[in-house]
Amino acid sequence: MYRLQYRNFGSYQAMVTNHTVNVDGNGHAGIRWYEMRDLNDGNGWFIYQQGTYAPDGDHRWMGSIAMDGRGYIALGFSVSSETTYPSIRYTGRSPEAPLGQMNFFEEEIMEGTGA
Numbered sequence: 001m002y003r004l005q006y007r008n009f010g011s012y013q014a015m016v017t018n019h020t021v022n023v024d025g026n027g028h029a030g031i032r033w034y035e036m037r038d039l040n041d042g043n044g045w046f047i048y049q050q051g052t053y054a055p056d057g058d059h060r061w062m063g064s065i066a067m068d069g070r071g072y073i074a075l076g077f078s079v080s081s082e083t084t085y086p087s088i089r090y091t092g093r094s095p096e097a098p099l100g101q102m103n104f105f106e107e108e109i110m111e112g113t114g115a
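Numbering (this note's numbering), first residue to last: 1 to 115.
As structure tokens, this is what we get:
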């Protein structure tokens, strides 16, 4: 749903991307995200880490992901449910976090006021 972001760290190259998935087979939307790397060793690109972000029963979709020059990843998305008006939130991860996990608390950018 969002563009693939590329970053060159000198000793390696990285790309991050995401898409919406059905996390439970029953229509519960979550964000699947990936970081691919090329170690500049002639072996090409590989999936370095990946994860699905769906921490509760709310639906999350229309994600956007980016990585800064220090390796921090931010993931923004829309969220809603029967009890949550459509809103915009984000989470993220530090480079030291366990692979495949967003370790920042989810924060709200814009709380929905109606459907």
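C-beta: ideal position from N, C-alpha, C; glycine also.
Would you say residue i and residue j are within 9 angstroms of each other, going by their C-beta atoms?
| i | j | result |
| --- | --- | --- |
| ASN18 | LEU99 | no |
| GLY63 | ILE31 | yes |
| GLU107 | TYR90 | yes |
Mark residue i as exposed unless 16 or more other C-beta atoms lie within 10 angstroms of its C-beta, in which case mark it buried.
| i | result |
| --- | --- |
| TYR12 | exposed |
| ILE109 | exposed |
| PHE77 | buried |
| ILE73 | buried |
Pick out whichever of the options has its Cα sitting closest to the Cα of residue i.
| i | options | result |
| --- | --- | --- |
| TYR34 | PHE105, TYR53, GLY42, GLY44 | TYR53 |
| ASP56 | ALA97, GLU82, MET15, GLY10 | GLU82 |
| TYR2 | PHE9, ASN8, VAL16, GLY10 | VAL16 |
| HIS28 | ASP38, SER80, ARG93 | SER80 |
| TRP45 | TYR6, ASP24, ASN22, MET102 | TYR6 |
| TRP61 | GLY10, ASN22, ARG93, LEU39 | ASN22 |
| ALA66 | ARG93, ASN40, ASP41, GLY42 | ARG93 |
In angstroms with no decimal places, state the Cα-to-Cα distance between residue i and residue j.
| i | j | result |
| --- | --- | --- |
| GLN50 | GLY114 | 33 angstroms |
| ALA97 | ILE88 | 24 angstroms |
| GLY42 | ALA14 | 15 angstroms |
| TYR48 | MET36 | 5 angstroms |
| PHE9 | GLY112 | 38 angstroms |
| PHE105 | LEU39 | 30 angstroms |
message: Extract the residue ranges of the beta strand (DSSP E) inside the segment 20-70, only unbroken runs of 3 or more that lie entirely within it.
response: 29-38, 45-53, 59-67
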